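*Asks:* Shown below is the structure under consideration.
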Amino acid sequence: MTMDRGVDGGVERARSPLDRGRFLRGVGGLAAVGLAGTAPLTAFARGVEGSGSSGGQLIERLDRPLDLETPVRYFTTYLTPTDAFFVRSHFGAPDTIDARTWRMRVYGEVKSALTVGLTDLRRFEEVSLVSTIQCSGNGRAYYTPHPSGVQWQRGAVSTAKWTGVRLADVLRHAGIQAGAHYVWLRGRDSDPLKTPRFLRSIPFSVALEPTTILAYKMNDEPLPILHGQPLRLIVPGWVADDQVKWLSEIQVRSTEAPGYFYQAAYRYPNHLGKPGVAVPPTREHPLTLMNVKSLIAYPDDGRTLTRGLAAIQGVAWSGRARIVRVDVSVDGGRTYRAARLGREDTPYAWRLWSLPYRFDHAGAYTIMARATDSAGATQPVTSPWNPSGYLWNGIDSVRVTVR
Ligand SMILES: Nc1nc2c(c(=O)[nH]1)N[C@H]1C(S)=C(S)[C@@H](COP(=O)(O)O)O[C@H]1N2
Ligand SMILES: [Mo]
Numbered sequence: 010m011t012m013d014r015g016v017d018g019g020v021e022r023a024r025s026p027l028d029r030g031r032f033l034r035g036v037g038g039l040a041a042v043g044l045a046g047t048a049p050l051t052a053f054a055r056g057v058e059g060s061g062s063s064g065g066q067l068i069e070r071l072d073r074p075l076d077l078e079t080p081v082r083y084f085t086t087y088l089t090p091t092d093a094f095f096v097r098s099h100f101g102a103p104d105t106i107d108a109r110t111w112r113m114r115v116y117g118e119v120k121s122a123l124t125v126g127l128t129d130l131r132r133f134e135e136v137s138l139v140s141t142i143q144c145s146g147n148g149r150a151y152y153t154p155h156p157s158g159v160q161w162q163r164g165a166v167s168t169a170k171w172t173g174v175r176l177a178d179v180l181r182h183a184g185i186q187a188g189a190h191y192v193w194l195r196g197r198d199s200d201p202l203k204t205p206r207f208l209r210s211i212p213f214s215v216a217l218e219p220t221t222i223l224a225y226k227m228n229d230e231p232l233p234i235l236h237g238q239p240l241r242l243i244v245p246g247w248v249a250d251d252q253v254k255w256l257s258e259i260q261v262r263s264t265e266a267p268g269y270f271y272q273a274a275y276r277y278p279n280h281l282g283k284p285g286v287a288v289p290p291t292r293e294h295p296l297t298l299m300n301v302k303s304l305i306a307y308p309d310d311g312r313t314l315t316r317g318l319a320a321i322q323g324v325a326w327s328g329r330a331r332i333v334r335v336d337v338s339v340d341g342g343r344t345y346r347a348a349r350l351g352r353e354d355t356p357y358a359w360r361l362w363s364l365p366y367r368f369d370h371a372g373a374y375t376i377m378a379r380a381t382d383s384a385g386a387t388q389p390v391t392s393p394w395n396p397s398g399y400l401w402n403g404i405d406s407v408r409v410t411v412r
């Protein structure tokens with residue numbers, strides 16, 4: 010790694026085993042993995058529902074840039090297969106990124122600006138964590154009146170194991186100055202016809218959390234191009250919109266990021282107003298944590314079941330709180346019973362749940378799922394309307410016919 014200025018030329022080695030132990034105990038469930046070889050970064054293609062191509066079966070919400078929603082039937086496993094993981098981008102992935110020549114600048118309120126490549130980053134301690142990522146616009150299609158934006162229904166959310174290095178280690182290596190209050194993150198993607206670049210910021214305290222990582226692997230493979238090759242930010246529990254892909258620049262600053270993508274987009278009203286009424290961004294604040302939510306993965310909406318036992322199942326998650334219960338109704342919300350929660354229980358990933366239910370009678374059923382988190386938050390029937398249609402977490406429901 011090269012120091013752009015300053016005199017501290019030494020590269021910091023991985024933290025001591027003591028720090029690592031404390032870190033692992035602190036966040037429970039988090040596993041550190043060993044340094045892996047540098048596999049070539051390959052481009053990534055995937056099929057799209059209706060496109061006639063083989064491979065994945067994602068729902069295409071937008072073609073340019075490519076926005077793909079994961080069908081909820083995939084949500085029966087703890088980790089979402091990489092080729093079924095939802096995709097969102099404002100400008101589309103950059104054409105090619107050569108991992109060998111890729112460099113990222115780290116500058117601003119630091120003692121020595123850095124230019125780092127992937128090999129440099131691998132000198133820091135490698136960490137892995139499982140984290141659920143959800144676009145804050147997931148469920149936008151359910152708001153009335155319809156806010157503009159990608160009309161996501163249920164599947165702009167997925168879970169993966171992410172591997173990389175702690176952002177804090179890189180920032181400390183650069184040396185932190187007194188004026189460090191925010192970290193700005195810029196992606197390499199751009200559109201010549203759209204002027205503002207994708208620039209986001211996170212509070213410095215969040216940047217220093219040991220779980221905020223610069224990830225170069227997803228589900229143990231090099232990060233695919235659609236998900237940010239070669240490096241993206243992961244901030245567990247936060248809305249996906251901050252988890253900047255194709256990282257090209259990190260700046261340490263005293264103020265939050267300027268520009269459209271932070272000062273206008275991804276903001277939530279300070280006070281909720283009437284449905285359909287716009288709120289100026291100055292009376293909104295940046296989105297941070299995800300809220301409590303669950304989805305029914307099986308049976309899928311519209312399915313016909315034969316009489317007898319069925320395993321109703323799905324996922325539930327909340328920003329940084331744990332899922333403590335998921336209640337399931339088969340009678341349209343009149344009565345609920347508690348589902349069994351899955352074995353995997355880590356702080357920032359969703360929890361699988363299931364409820365075996367015997368459908369004794371033929372007829373139409375409305376199945377609903379309602380999650381409650383450790384902070385006491387429970388899903389509402391519908392989420393309060395907000396101008397951009399963010400943070401939808403209304404109780405999920407599917408209709409099935411039993412024969
Ligand atoms: N550089 C860059 N990073 C980005 C975006 C983008 O357009 N450009 N989109 C963000 C948004 S809005 C979402 S929801 C997530 C989606 O991550 P995924 O495509 O890996 O699912 O990436 C975030 N990171
Ligand atoms: Mo998003």
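Quick note: the sequence shown uses this note's numbering, first residue 10, plus one each step.
Ideal Cβ placement from N, Cα and C applies to all residues, glycine included.
If you're wondering where the values come from, they're calculated on a predicted model, not measured in any experiment.
Measuring only from the beta carbon, is Ala224 closer than 7 Å to any heavy atom that is part of ligand 2?
*Replies:* What you label residue 224 is simply residue 215 of the sequence shown in a count that begins at 1. Not so, every heavy atom of ligand 2 lies at least 7 Å from the Cβ.
*Asks:* Report the residue from Arg352, Leu364 and Gly328 whose alpha carbon sits nearest the alpha carbon of Val337.
*Replies:* Along the sequence shown, one-based indexing puts residue 337 at 328. For the residues Arg352, Leu364 and Gly328, the minimum Cα distance to Val337 belongs to Leu364.
*Asks:* Would you mind working out which of Thr105, Ala165 and Ser145 sits nearest Phe94, comparing C-alpha positions?
*Replies:* On the sequence shown, position 85 is the one that residue 94 refers to. Comparing Cα positions, the closest option is Ala165.
*Asks:* Taking a contact to mean a Cβ-Cβ separation below 8 Å, would you say Tyr271 touches Ser210 in this structure?
*Replies:* Your numbering for residue 271 matches position 262 in the sequence shown. Your numbering for residue 210 matches position 201 in the sequence shown. The answer is yes: Cβ separation under 8 Å.
*Asks:* In chain order, what are the residues with a CB under 6 Å from some non-hydrogen atom of ligand 2?
*Replies:* Listed by chain position, these are Arg97, Cys144, Ser145, Gly146, Ala249 and Asp250.
*Asks:* Secondary structure at Gln206, three-state DSSP: helix, strand or coil?
*Replies:* Along the sequence shown, one-based indexing puts residue 206 at 197. The sequence given here has Arg at residue 206, not Gln. Three-state result, Arg206: coil.
*Asks:* State yes or no: is the C-beta of Gln162 nearer than 7 Å to some heavy atom of ligand 1?
*Replies:* Start at 1 with the first residue of the sequence shown, and residue 162 comes out as number 153. False, no ligand heavy atom lies under 7 Å from that Cβ.
*Asks:* What first and last residue would you give for the beta strand (DSSP E) that runs through Val261?
*Replies:* Taking the first residue of the sequence shown as 1, we reach residue 261 at position 252. That run of the beta strand (DSSP E) goes Leu256 to Arg262.
*Asks:* Consider the C-beta atom of Lys254 and the heavy atoms of ligand 1; say whether any pair is separated by less than 7 Å.
*Replies:* Numbered from 1 along the sequence shown, position 245 holds the residue referred to as residue 254. Lys254 Cβ: within cutoff of ligand 1.
*Asks:* Rounded to whole angstroms, how far is the Cβ of Tyr225 from the Cβ of Pro231, which I believe are closer than 8 Å?
*Replies:* In the sequence shown, residue 225 corresponds to position 216, counting from 1. In the sequence shown, residue 231 corresponds to position 222, counting from 1. At roughly 7 Å, the Cβ-Cβ gap stays under 8 Å, so Tyr225 and Pro231 are in contact.
*Asks:* Three or more beta-carbon pairs under 8 Å between the segment 117–134 and the segment 163–183, yes or no?
*Replies:* Judged by Cβ distances under 8 Å, the segment 117–134 makes contact with the segment 163–183, as three or more pairs qualify.
*Asks:* By DSSP's criteria, Gly196 is part of a beta bridge. Which residues make up the other side?
*Replies:* Sequence index remark: in the sequence shown, residue 196 carries index 187 (1-based). Gly196 pairs with Leu256.
*Asks:* Should Leu437 be counted as a contact of ligand 1 given a C-beta to heavy atom distance under 7 Å?
*Replies:* Limits of the chain in this structure are 10 at one end and 412 at the other, which puts residue 437 out of reach.
*Asks:* So, with DSSP's three-state summary, where would you put Ser338?
*Replies:* Here the question's residue 338 lines up with position 329 in the sequence shown. In the structure shown, Ser338 sits in a strand (DSSP, three-state: E or B).
*Asks:* Apart from the five residues on each side of it in sequence, which residues of its chain come closer than 7 Å, Cβ to Cβ, to Ser392?
*Replies:* For the purposes of this step, residue 392 is identified with residue 383 of the sequence shown, where counting begins at 1. The residues are Leu400, Trp401, Asn402 and Gly403.
*Asks:* I'd like to know if the segment 344–354 and the segment 305–319 are in contact, where contact means that at least 3 CB-CB pairs between them fall below 8 Å.
*Replies:* As far as the Cβ criterion goes, the segment 344–354 does not touch the segment 305–319, which means the pair count is below three.
*Asks:* Any heavy atom of ligand 1 within a distance shorter than 7 Å of the CB on Phe84?
*Replies:* Counting from 1 along the sequence shown, the entry for residue 84 is found at position 75. No, since every heavy atom of ligand 1 falls outside the 7 Å radius drawn around the Cβ of Phe84.
*Asks:* Looking only at its own chain, which residues have a Cβ that is under 7 Å from the Cβ of Pro154, when we skip the five neighbours before and after it?
*Replies:* Taking the sequence shown and counting its residues from 1, the one referred to as residue 154 is at position 145. Closer than 7 Å at the Cβ level, and outside the excluded window around Pro154, lie Pro284 and Gly285.
*Asks:* With distance defined between alpha-carbon atoms, name the residue in Val335, Pro212, Val179 and Gln388 nearest to Asp129.
*Replies:* Stepping through the sequence shown from its first residue, residue 129 is reached at position 120. That would be Val179, whose Cα lies nearest to the Cα of Asp129.
*Asks:* So, does the CB of Arg132 fall closer than 8 Å to a CB anywhere in chain D?
*Replies:* Judged by its chain identifiers, the structure shown contains no chain D, having just a single protein chain.
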